[in-house]
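Following: one structure in structure tokens, then a few remarks.
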Amino acid sequence: MLCRIYHHALHDRFHEARDLLLMSHIQDNITDADIPTQILFNRMMAQLGLCAFRCGLVWEAHACLSEICTGSRTKELLAQGLQSFRYGERDLEQERLERRRQVPYHMHINLDLLETCHLVSAMLLEVPNMVNSRLSDRKRMVSKAFRKLLEFHERLVFEGPPENPRDHVVAAAKLLAQGSWRKSAELLVGLPVWDLFPGANVSQRVKSMVQHKIQVEALRTYLLAFSAEYDSVSLARLMKMFDLDEKTVHSVVSKMMINEELQGAWDQSSQAIVLYKTERSSLQNLAVQYSDKLSQIVENNERMMDLCSGTNKEEWGNRGNRGDGRRGAGGRIGFSAGNRRGDNQGGRGGFRPRRGGGSGGRGPRQQRQ
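Counting along the sequence shown from 1, when you hit position 155 you're at 155 in full-length UniProt numbering, and nothing is skipped either side.
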């Protein structure tokens with residue numbers, strides 16, 4: 001089944017591959033499978049993410065690639081490199097087993113291409129979300145890794161010209177947030193990494209898709225940032241500013257209205273968007289603050305109930321062994337090599353330890369064979 005899904009993903013049949021994955025429920029019990037099967041699952045998810053990106057499905061591509069590309073274990077998860085050991089923690093037997101599981105070079109998935117697709121999809125989702133979060137009370141983060149990457153580059157005293165694909169994506173994200181979508185598109189479309197996509201005219205099709213997505217997200221970012229400054233804005237003006245056709249602009253703006261991201265309505269007679277001023281009163285602001293405090297109190301009460309109801313030995317034992325079912329990319333990815341918790345640990349630090357199970361902190365690590 002995994003090989004069949006992989007085959008569909010290679011030939012850009014994303015929806016067929018996704019339906020097979022969801023109907024098979026492989027992701028529900030992949031953590032109980034052996035390590036070679038988990039490696040095949042990880043590679044299938046990576047190929048499925050690349051397939052979604054080629055098809056222009058940005059959200060699906062980010063969902064498939066987010067946890068594979070987050071962190072420094074991408075090579076290990078795809079069996080294209082060995083796990084990095086600290087000095088004194090090297091296990092020759094485990095290293096020998098990992099070398100046997102490595103895939104041959106001609107089957108490698110290019111890591112630069114994988115990272116670029118992940119970062120570009122995260123940029124297209126996160127930049128409008130960052131603008132919307134600054135102007136509304138709905139604080140949510142789409143890609144924590146991409147947000148941290150942006151914050152790291154913003155703290156730099158001096159930042160030179162972009163050199164690698166990651167630097168190009170960060171520079172393009174800053175330009176997109178400032179409204180310079182043409183320069184942002186030039187940076188991303190000019191990356192040579194797109195030529196690594198196999199197939200005739202695939203790279204050109206991906207470049208056109210990336211530029212179109214940047215234009216659409218630039219339109220959304222502009223409306224989210226400056227809609228409060230307008231009483232109305234014409235459709236022709238938006239088409240000229242972002243070089244989009246009438247159908248695309250109408251569709252994007254209508255979706256923003258339906259999702260309550262933009263407060264306004266269409267005036268069909270003048271082909272313009274009439275924007276509403278929706279500033280909350282002081283009473284409404286107090287009601288929002290009261291609701292947030294109530295949500296926090298409910299969450300604290302649930303934590304206290306979990307703590308009070310989980311004091312028996314068996315419950316703490318189950319809590320201590322949660323590490324054996326850790327999930328990774330795509331919701332079920334990742335085999336922990338040498339990072340599983342032992343059975344003799346004593347729960348989490350700060351809680352009551354199990355008898356004979358340690359001192360309340362994390363237990364000693366055991367190597368997985």
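Think of the CB as a built atom: it goes at the ideal place given N, C-alpha and C, for glycine as much as any other residue.
Bear in mind that the values here come from a model prediction, so they are computed numbers and not experimental data.
Cα-Cα separation between residue i and residue j, rounded to whole angstroms
| i | j | result |
| --- | --- | --- |
| Leu82 | Lys247 | 50 Å |
| Val103 | Gln80 | 6 Å |
| Asn42 | Val210 | 25 Å |
| Ser227 | Leu10 | 42 Å |
| Glu217 | Leu50 | 20 Å |
| Glu261 | Asp292 | 20 Å |
| Arg73 | Met130 | 27 Å |
| Glu229 | Thr221 | 14 Å |
| Asp34 | Leu40 | 10 Å |
| Gly179 | Gly71 | 30 Å |
| Val298 | Met305 | 11 Å |
| Ala61 | Cys117 | 8 Å |
| Leu286 | Gln296 | 15 Å |
| Leu283 | Glu159 | 45 Å |
| Ser254 | Ser269 | 16 Å |
| Pro198 | Tyr105 | 16 Å |
| Tyr290 | Gln263 | 24 Å |
| Leu307 | Leu78 | 38 Å |
| Leu119 | Gly190 | 15 Å |
| Ser309 | Glu302 | 11 Å |
| Glu16 | His8 | 7 Å |
| Pro162 | Ala200 | 29 Å |
| Arg205 | Glu95 | 41 Å |
| Leu92 | Arg101 | 14 Å |
| Leu294 | Thr31 | 37 Å |
Beta-ladder partner(s) of residue i, from DSSP
| i | result |
| --- | --- |
| Trp266 | Ile273 |
| Val233 | Ile273 |
Cβ distance (whole Å) where residue i is taken to contact residue j below 8 Å
| i | j | result |
| --- | --- | --- |
| Met45 | Cys69 | Rounded, the Cβ-Cβ distance is 11 Å, inconsistent with contact. |
| Leu244 | Gln215 | 6 Å |
| Leu22 | Ile5 | Not a contact, Cβ separation roughly 10 Å. |
| Leu188 | Ala172 | 5 Å |
| Met123 | Val157 | Wrong, their Cβ atoms sit about 23 Å apart, outside the cutoff. |
| Leu224 | Gln271 | That pair is no contact at about 21 Å. |
| Ser121 | Val58 | 5 Å |
Sequence-distant residues of its chain with Cβ nearer than 8 Å to residue i (five each side left out)
| i | result |
| --- | --- |
| Asp231 | Val274 and Leu275 |
| Cys55 | Asp12 and Phe14 |
| Leu2 | Ile26, Thr37, Leu40, Phe41 and Met44 |
| Arg18 | Leu48 and Glu60 |
| Ala265 | Met257, Ile273, Val274 and Tyr276 |
| Val249 | Leu219, Leu235, Leu238, Met239 and Phe242 |
When the options are compared against residue i, the one with the closest alpha-carbon
| i | options | result |
| --- | --- | --- |
| Glu98 | Lys75, Leu48, His250 and Gly49 | Lys75 |
| Asp267 | Asn259, Arg134, Val233 and Leu57 | Val233 |
| Leu113 | Val127, Gly71 and Asn164 | Asn164 |
| Lys207 | Phe53, Ile258, Cys3 and Asp28 | Phe53 |
| Ala166 | Arg155, Trp181, Glu154 and Phe146 | A quick correction: the sequence has Arg, not Ala, at residue 166. That would be Phe146, whose Cα lies nearest to the Cα of Arg166. |
| residue 382 | Cys308, Arg96, Leu283 and Arg182 | Because residue 382 is not part of the residues shown, which for the chain are 1 to 369, the question remains open. |
| Glu115 | Val193, Arg205 and Ile30 | Val193 |
| Glu151 | Asn132, Glu126 and Pro161 | Glu126 |
| Asn259 | Glu95, Asn132 and Ile30 | Asn132 |
Same chain only: Cβ atoms within 7 Å of residue i, ignoring 5 sequence neighbours per side
| i | result |
| --- | --- |
| Ser184 | Ala172, Leu175, Leu176 and Ile214 |
| Asn110 | Leu196 |
| Leu149 | Val170 |
| Lys144 | none |
| His108 | Gln80 |
| Met141 | Arg147 |
| Pro128 | Glu217, Arg220, Thr221 and Leu224 |
| His153 | Glu159 and Val170 |
6 Å Cβ shell around residue i - same chain, five flanking residues per side excluded
| i | result |
| --- | --- |
| Leu219 | Phe242 and Val252 |
| Ala329 | Reliability of the predicted coordinates at Ala329 is poor, the pLDDT of 43 falling under 50, and no value is obtained from them. |
| Ser24 | Met1 |
| Asn29 | none |
Any non-hydrogen atom of the ligand NAP closer than 7 Å to residue i Cβ
| i | result |
| --- | --- |
| Arg155 | Because no ligand of any kind appears in the structure shown, any question about the ligand NAP cannot be addressed here. |
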